Structure formats: structure tokens, C-alpha cells
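Read left to right, the sequence shown gives residues 1 to 509 (the UniProt record's numbering). Notes follow once the structure below has been shown.
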Amino acid sequence: MPSSSRRTFAIISHPDAGKTTLTEKLLYFGGAIHLAGEVKARGANRRARSDWMKIEQQRGISVTSSVMTFEREGVTFNLLDTPGHEDFSEDTYRTLTAVDSAVMVIDAARGIEAQTRKLFEVCRLRSVPIITFVNKVDREGRSPFELLDEIADVLALDVSPMSWPVGLGSDFQGVLDLATGRLSRPEGDSRTFQGKVEDAPALPENIAEEIELAQAGYAEFDVDAYRNGDLTPVYFGSALKDFGPAELIDALARHAPPPRPQPAEPAPIAPDNAEVTGFVFKVQANMDPQHRDRIAFMRLCSGTFKRGMKLTPTGHGKPIAVHSPILFFAQNREVADEAFPGDIIGIPNHGTLRVGDTLSERADVRFTGLPNFAPEILRRVALKDPTKTKQLRKALDDMAEEGVTQVFYPEIGSNWIIGVVGQLQLEVLLSRLEAEYKVDAGLEPAPFDTARWVSAEDAADLKAFTDLNRSAMARDRDGNPVFLAKTAWEVGYVADRYPKVKFAATRER
Ligand code: G4P
Numbered sequence: 001m002p003s004s005s006r007r008t009f010a011i012i013s014h015p016d017a018g019k020t021t022l023t024e025k026l027l028y029f030g031g032a033i034h035l036a037g038e039v040k041a042r043g044a045n046r047r048a049r050s051d052w053m054k055i056e057q058q059r060g061i062s063v064t065s066s067v068m069t070f071e072r073e074g075v076t077f078n079l080l081d082t083p084g085h086e087d088f089s090e091d092t093y094r095t096l097t098a099v100d101s102a103v104m105v106i107d108a109a110r111g112i113e114a115q116t117r118k119l120f121e122v123c124r125l126r127s128v129p130i131i132t133f134v135n136k137v138d139r140e141g142r143s144p145f146e147l148l149d150e151i152a153d154v155l156a157l158d159v160s161p162m163s164w165p166v167g168l169g170s171d172f173q174g175v176l177d178l179a180t181g182r183l184s185r186p187e188g189d190s191r192t193f194q195g196k197v198e199d200a201p202a203l204p205e206n207i208a209e210e211i212e213l214a215q216a217g218y219a220e221f222d223v224d225a226y227r228n229g230d231l232t233p234v235y236f237g238s239a240l241k242d243f244g245p246a247e248l249i250d251a252l253a254r255h256a257p258p259p260r261p262q263p264a265e266p267a268p269i270a271p272d273n274a275e276v277t278g279f280v281f282k283v284q285a286n287m288d289p290q291h292r293d294r295i296a297f298m299r300l301c302s303g304t305f306k307r308g309m310k311l312t313p314t315g316h317g318k319p320i321a322v323h324s325p326i327l328f329f330a331q332n333r334e335v336a337d338e339a340f341p342g343d344i345i346g347i348p349n350h351g352t353l354r355v356g357d358t359l360s361e362r363a364d365v366r367f368t369g370l371p372n373f374a375p376e377i378l379r380r381v382a383l384k385d386p387t388k389t390k391q392l393r394k395a396l397d398d399m400a401e402e403g404v405t406q407v408f409y410p411e412i413g414s415n416w417i418i419g420v421v422g423q424l425q426l427e428v429l430l431s432r433l434e435a436e437y438k439v440d441a442g443l444e445p446a447p448f449d450t451a452r453w454v455s456a457e458d459a460a461d462l463k464a465f466t467d468l469n470r471s472a473m474a475r476d477r478d479g480n481p482v483f484l485a486k487t488a489w490e491v492g493y494v495a496d497r498y499p500k501v502k503f504a505a506t507r508e509r
């Protein structure tokens, strides 16, 4: 069954921990690229971005690399890129709904950082199992014990060290595989790993003691606990110096889960279900400004997809014949003839497919659990030319559909409010309003700081709440009621006063 040989995963990390370097090395050791530096160039590009042109370029580049597929020893790896830099957006969160596992990269000198933690929480929501890679042990860093304890405490996970660094920084003498007792050694001036392995190394006394303590003090690796999201195996290494990437590929192949049943209505869908089903987790629009073409990224959840197959989006639209699906092999986009559960297919379309859509042969299922996240930045949209109201509404709706921004229509007043999770989304919004919709608009501070979707079991309770808070009520693009709060504190305050009303920071699409 081809789906059992699929490993669909993402790398989560804080900027600078080494995600780009590790990605490049995974592709290299997985045999997908032969030139070091290709992924790196993209990382540098990302950091240098400052204006729309660069964002455009980045979008152009990132479509081929937002899914990277490589094969090794009969296993197909689909690595989904999550832009984890300051340009943190809902895209990142949603991509995590399309993976079966994740690799968490931590800088040995910094430990768990803010972004790692946020991304981890999203993984936890869906019980996505995590393999931890403590990177940069070739530099001075914190003690392995301190790092392991921090992961265990901050993330409330059992930790199970799988390897151990022999010295750090200038003392670095290699990485010991705790299961086999074999030591990978650095070589040459570059101090990289070039294949030198000692089977029965003589370890310095302090290191031998550390290892004894570690083996006694931490949980043994347990594949079920890992797959449940309760335990993380921890590998120490250096992506830059080639310590660890090969072990990570091996660990993903051996332990990471193949595609699992996906939550859906009326019932979860198992990968061996014969019918082809999948969901759209990302839409990349206007790749070519001349044609309003879009690529919808669909994760295949069951069945064997064949080129030309007709798939229907649940709830709206007619069947779409998928004649030129795109599969992603490393740097090249390739046209797919066949794909299996766990694979990602790019479907070109003219705006019919939306983030969160379920696609299937019969259109009677719907995948659940693709979240909208409460925005962390709210802005009022000020239109400079009032005759363009209709265009603005269309543009905001389109972009909300794509997941670029969220849009809220207040119950009172005509200034629409947009919400984003990261600052870059605002820049993208303004540039696209102008370039694609010819709408000249500005953004002003909104008198609100955060938003919550509200609901109640009894419609009367919800009505009582909304009637009294009309000036803070809005609707999202699907018409769901949203409470706009001035501060996070206010959310807590009203939640206490209206115990029958639920205030949700995420909403399933
Ligand atoms: P990111 O995608 O998570 O943001 O991180 P990236 O891979 O770009 O790595 C951030 C910096 O850390 C880079 O240095 C990179 O070379 C370095 N780095 C990554 N892995 C290791 C490692 O195992 N050991 C050491 N010592 N450094 C590592 P930079 O100076 O920002 O970039 P560059 O000028 O070296 O390209």
C-alpha cells in the first residue's frame, strides 16, 4: 500500500535555529538535491525582502518549494515548508493541518523560543507527533540536560534522548548514537561529518557519566507514546556540519506515522478508503498577474488519485476535472499522473477552490478541523475613493478566501476591519489591493485589539449578549458572529460575565 510508505511532515522552529540549513541537508541526504546552497539562497532572499517586488519573487520561488518531495529506500518523504520567520501567518498554521508529523529544530544555545512554542501548540491541538533536533552542538551551547529538561517542562512532553553530543563548541568531538553506542566523528579543518564512525569509542569520563545519567533519568523511546504526541525523541547534532540529518531521515522512515485517518463528517476517512478524498490547506494566487490563476494545495487523504479525475468541492461548485495536477519533486514542479494518501497535489484553478475545501469523488464528505485563528493585529480599512466600495468588498472577500487576511464586517458603521496574524499579511494585502483590484485604500488603527468567535447552545443567550454589545459585534465573511474586544483582558472580563456564551480563538472552516 503506497500510502504506508508516505511520510508527510513539516519542520517547525524559531527563526535562525537552522531550519533552512536542515531542510537543505535533508534534501541532500535524501538524494533530492546535489548542490548545497539552493535552499539557503531562498532563506537569504526571504530575509532580504523589504518591498512588494521581493514578496512577489518570494511567492514565485516558494511555490515550487512549499512542498518538497524526495524518496529514499522505498519511502517517499513530503516535506511541507512552513514560513517560520517574522512573516508568520495563518498559512503556517494551516500547513500543519496537512502533515502527519513534525521535526522541531531548537538552537542548542537558545532552547525553546517563542515561535517554536506557538507552532508546537498548533501541533499539540492535532496530536501531531514531534521529533526534536537540537541543532548547532558544534557551537557553545547549553548542557544537554538543561535543554532536555526545558523541553519536558515548557512543552509538557516526555523526552527521550536518542543521541548525545560528546563535548560542545570547541570541545565538540562527535555525536554518540545511544542505541548502538557508535560515535560519529568530525573530520578535517571543516570539522564536518564525513563518514568516520567508531563502533566502540573510548569516551571521556565525564561524558560516560553524563550518558549513564541520561539513560537512567529519561524515558526510553516508546513509539506509541511518540505517535500519540506524548513523547518526543531528541537528537543532538549540527545541520551545518552534517551531524544528524541522515539520522533524522532514518527516524522519520522508521518511527514517524504514515497517513492516518483524518477527522471528517459524517465519519473519519481512513487512507485505505477506495474513494479519492482530500482537502485544500493553502491557495497561492496570482502566480501570473495576466491570468488570475491559482494553485490550490490539496492533501490527499484517501484513494489513488489519477490524472484527469473529476473531483467535487463539498458544498459548492461543480466537479472539476483535474487535468494538470502538479506534484513536487524537490526543486521541480512535475505533472502528476498518480498520487497516494499523504501526497500533496497542486491544482491550478481560477478561484473556485478555497482554503478548507474538501474535494472528493462523490462530494458527500467534509474534512473538519481546518482552523481560522483569532487575528493578533486588527486594522480598519479606509477607502480613498468611495465609489470603489464594491471592488473593495470583493477584494477583501477574495483574500479572506485565500486565507491572506480575515475580514470582519461590523454590525454598526461602514469601516470594515481586517485581521491578520502577522505583519507581512498587511503589506501583502495593501499591495494586492492596488495591483490586482485597483483599489486605493489605507489602513488605520482599529479601536479593537483582538477578536473571538461567539456561540451559545441557546440562541437566546447569544442574542442577549450581542444585543448588549452591538458596537463590538461584527460578522466574518461566512456570516459568523464575532466579538471585537479592546484588549485581551476584556475577553476574559466578558467571558466571566456571560458564562453561557463561548468565546473561541479559533474557528473551524
Ligand atoms: P532558519 O532557516 O531557521 O532561519 O536558519 P538558517 O538555516 O538560515 O540558519 C541560521 C544561521 O545558523 C545561519 O548562519 C546558519 O549557517 C547557521 N547554522 C545553521 N545550522 C548550524 C549548525 O549546525 N552549526 C552552526 N554553527 N551554525 C548553524 P548565518 O550566519 O545567519 O548565515 P550564513 O551567513 O552562515 O549563511
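Note that CB positions come from ideal geometry on N, CA and C, so glycine has one too. Every value quoted in this text rests on a predicted model; they were computed, and no experiment measured them.
Which stretch, first to last residue, makes up the beta strand (DSSP E) that contains residue i?
{"i": "P186", "result": "183–187"}
{"i": "K19", "result": "Per DSSP, K19 belongs to no beta strand (DSSP E); it is in the alpha helix (DSSP H), 19–29."}
{"i": "T312", "result": "310–313"}
{"i": "F133", "result": "130–135"}
{"i": "P445", "result": "441–445"}
{"i": "A102", "result": "101–107"}
{"i": "V67", "result": "67–72"}
{"i": "L168", "result": "Note, L168: premise wrong, no beta strand (DSSP E); not H, not E."}
{"i": "E198", "result": "192–198"}
{"i": "L359", "result": "358–360"}
{"i": "A485", "result": "481–485"}
{"i": "S5", "result": "Note, S5: premise wrong, no beta strand (DSSP E); not H, not E."}
Residues bridged to residue i by DSSP?
{"i": "D177", "result": "S163"}
{"i": "D158", "result": "L231"}
{"i": "V280", "result": "M298"}
{"i": "A321", "result": "K310"}
{"i": "T82", "result": "The partner list for T82 (beta bridge, DSSP) is empty, contrary to what the question assumes."}
{"i": "A456", "result": "V501"}
{"i": "G351", "result": "G351 is not bridged to any residue."}
{"i": "A214", "result": "Paired residues: none, contrary to the question."}
{"i": "V420", "result": "I377"}
{"i": "residue 595", "result": "For the chain, the structure presents residues 1 to 509; residue 595 sits outside this window and is missing."}
{"i": "residue 523", "result": "Residue 523 lies beyond the residue range present for the chain, which begins at 1 and ends at 509; the question has no answer from this structure."}
With hydrogens ignored, establish whether the beta-carbon of residue i is closer than 7 Å to any heavy atom of ligand 1.
{"i": "R139", "result": "yes"}
{"i": "P165", "result": "no"}
{"i": "G356", "result": "no"}
{"i": "D385", "result": "no"}
{"i": "T132", "result": "no"}
{"i": "S13", "result": "yes"}
{"i": "S170", "result": "no"}
{"i": "K463", "result": "no"}
{"i": "S190", "result": "no"}
{"i": "S238", "result": "yes"}
{"i": "A17", "result": "yes"}
{"i": "K241", "result": "yes"}
{"i": "K502", "result": "no"}
{"i": "K118", "result": "no"}
{"i": "T21", "result": "yes"}
Along the chain, where does the alpha helix (DSSP H) that runs through residue i open and close?
{"i": "D398", "result": "389–402"}
{"i": "G141", "result": "Counting along the chain, G141 falls outside any alpha helix (DSSP H), and DSSP gives it neither H nor E."}
{"i": "R227", "result": "223–227"}
{"i": "R117", "result": "114–125"}
{"i": "F465", "result": "459–468"}
{"i": "Y409", "result": "Y409 -> not in any alpha helix (DSSP H); beta strand (DSSP E) instead, spanning 406–410."}
Is residue i helix, strand or coil when you go by DSSP?
{"i": "V428", "result": "helix"}
{"i": "A41", "result": "Because the pLDDT of A41 is 44, which lies under 50, any placement of that residue in the model is unreliable, and the question is left without a value."}
{"i": "L248", "result": "helix"}
{"i": "K502", "result": "strand"}
{"i": "D476", "result": "strand"}
{"i": "F368", "result": "The identity of residue 368 in the sequence shown is Thr, whereas the question assumes Phe. Three-state DSSP puts T368 in coil, outside helix and strand."}
{"i": "G303", "result": "coil"}
{"i": "S13", "result": "strand"}
{"i": "S264", "result": "Note on residue identity: the sequence assigns Ala, not Ser, to residue 264. DSSP places A264 in strand when its eight states are reduced to three."}
{"i": "L203", "result": "coil"}
{"i": "L433", "result": "helix"}
Could you check whether the Cβ of residue i sits closer than 8 Å to any Cβ belonging to chain B?
{"i": "E212", "result": "Looking for chain B here will not work: only one protein chain is present."}
Compute every distance between the C-beta of residue i and the non-hydrogen atoms of ligand 3, then say whether any falls below 7 Å.
{"i": "K282", "result": "Judged by which ligands are present, ligand 3 is missing from the structure shown, whose ligands are ligand 1."}
Note to self: Is it the case that the stretch 98–107 contacts the stretch 351–369, given that we only count it when at least three CB pairs across the two stretches are under 8 Å?
What the structure shows: no
Notebook entry, point to check: Any chance the stretch 5–14 sits against the stretch 109–119, with 3 or more Cβ pairs inside 8 Å?
Noted result: yes
Margin query: So, does the stretch 383–398 touch the stretch 434–445, judging by three or more C-beta pairs under 8 Å?
Written below: yes
Check: Pairing CB atoms from the stretch 125–145 with CB atoms from the stretch 444–463, are three or more of them under 8 Å?
Finding: no
Margin query: Below 8 Å, how does it come out for the stretch 157–167 and the stretch 257–268: are there three or more Cβ pairs, yes or no?
Written below: no
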